[in-house]
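Inspection log for the structure reproduced underneath, given as structure tokens.
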Amino acid sequence: MNAGASGSEFKDILKYAFAIDRDGIQHVVNADDLKMAYRHTQTPKDWIFTHAEFFGYEGNTETIRKILKNNLAHRADAQPLGKRTGGSTFANPIGHKAWKLIDQAGCRGLTVGKAQVSEKHCNFLINNGGATAFEIEELGLEICQRVKRNCGIDLRWEIKRIGQIKKINEELAK
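Numbered as in the working numbering, the sequence shown ends at 180 without a single skipped number.
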């Protein structure tokens, strides 16, 4: 996953990433090896990343502190900090903001069981305590369907979902 925020991404600062595969073989790769793109990497599914080294850049300490303070304040204003979320749920489609599409489709505050679309930032799904994977998945699929109906755009999950997704989707299709 090529995570990012405030115009920066891991691919911009990754020096090396260290992984191990199912056979216990260790791998050392860089951003080019991972073919990093917007919120995406091309890595074998069975790799587990254990640690990474990043490039650091020199700068004025006070300037860096101000940038960090501003970034943290923006995040606190814009995102549901302190809530149980998996982070940003859907990748931004080219030329669009996922949160805006979700909001325009009428999904702000939408709930399925104990899972809810954040009122503060529509691209965050909140577990209000006791939400099941099934409820989170069902809510995400409802969002995708509403956005598709509203504007014809397919949302792509940014969160890496694991488990019995196919089984859940089959159950939801009934």
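Note that the Cβ used here is the ideal one computed from N, Cα and C, for glycine as well.
Contact between Val123 and Gly115 holds: their C-beta atoms lie close to 6 Å from each other, under 8 Å. In the assembly as shown, Lys17 is a buried residue. Its beta-carbon has 16 or more other beta-carbons within 10 Å.
Close CB contacts of Ile54 within its chain, under the 7 Å cut and outside five residues either way in sequence, are with Ala25 and Ile26 (chain order). At a Cβ-Cβ threshold of 8 Å, Lys21 and Pro86 do not count as neighbours.
In the structure shown, the three-state DSSP call for Gly115 is coil.
Residues of the same chain with a CB within less than 6 Å of the CB of Asn98, apart from the 5 flanking positions on each side, are Ala104 in chain order.
Per the Cβ contact rule, the region 133–150 is in contact with the region 160–168 (3 or more Cβ pairs under 8 Å). Burial state of Glu141 is buried, judged by a 10 Å Cβ sphere holding 16 or more other Cβ atoms.
Only buried fits Thr91, as 16 or more other CB atoms lie within 10 angstroms of its CB.
Taken through DSSP and simplified to helix, strand or coil, Phe61 comes out as coil.
If only uninterrupted beta strand (DSSP E) runs of at least 3 residues are considered, those enclosed by the region 72–109 are 91–94. In the structure shown, the three-state DSSP call for Lys126 is coil.
Looking only at Ala139, Thr138 and Ala121, the smallest Cα-Cα distance to Leu131 is reached by Ala121.
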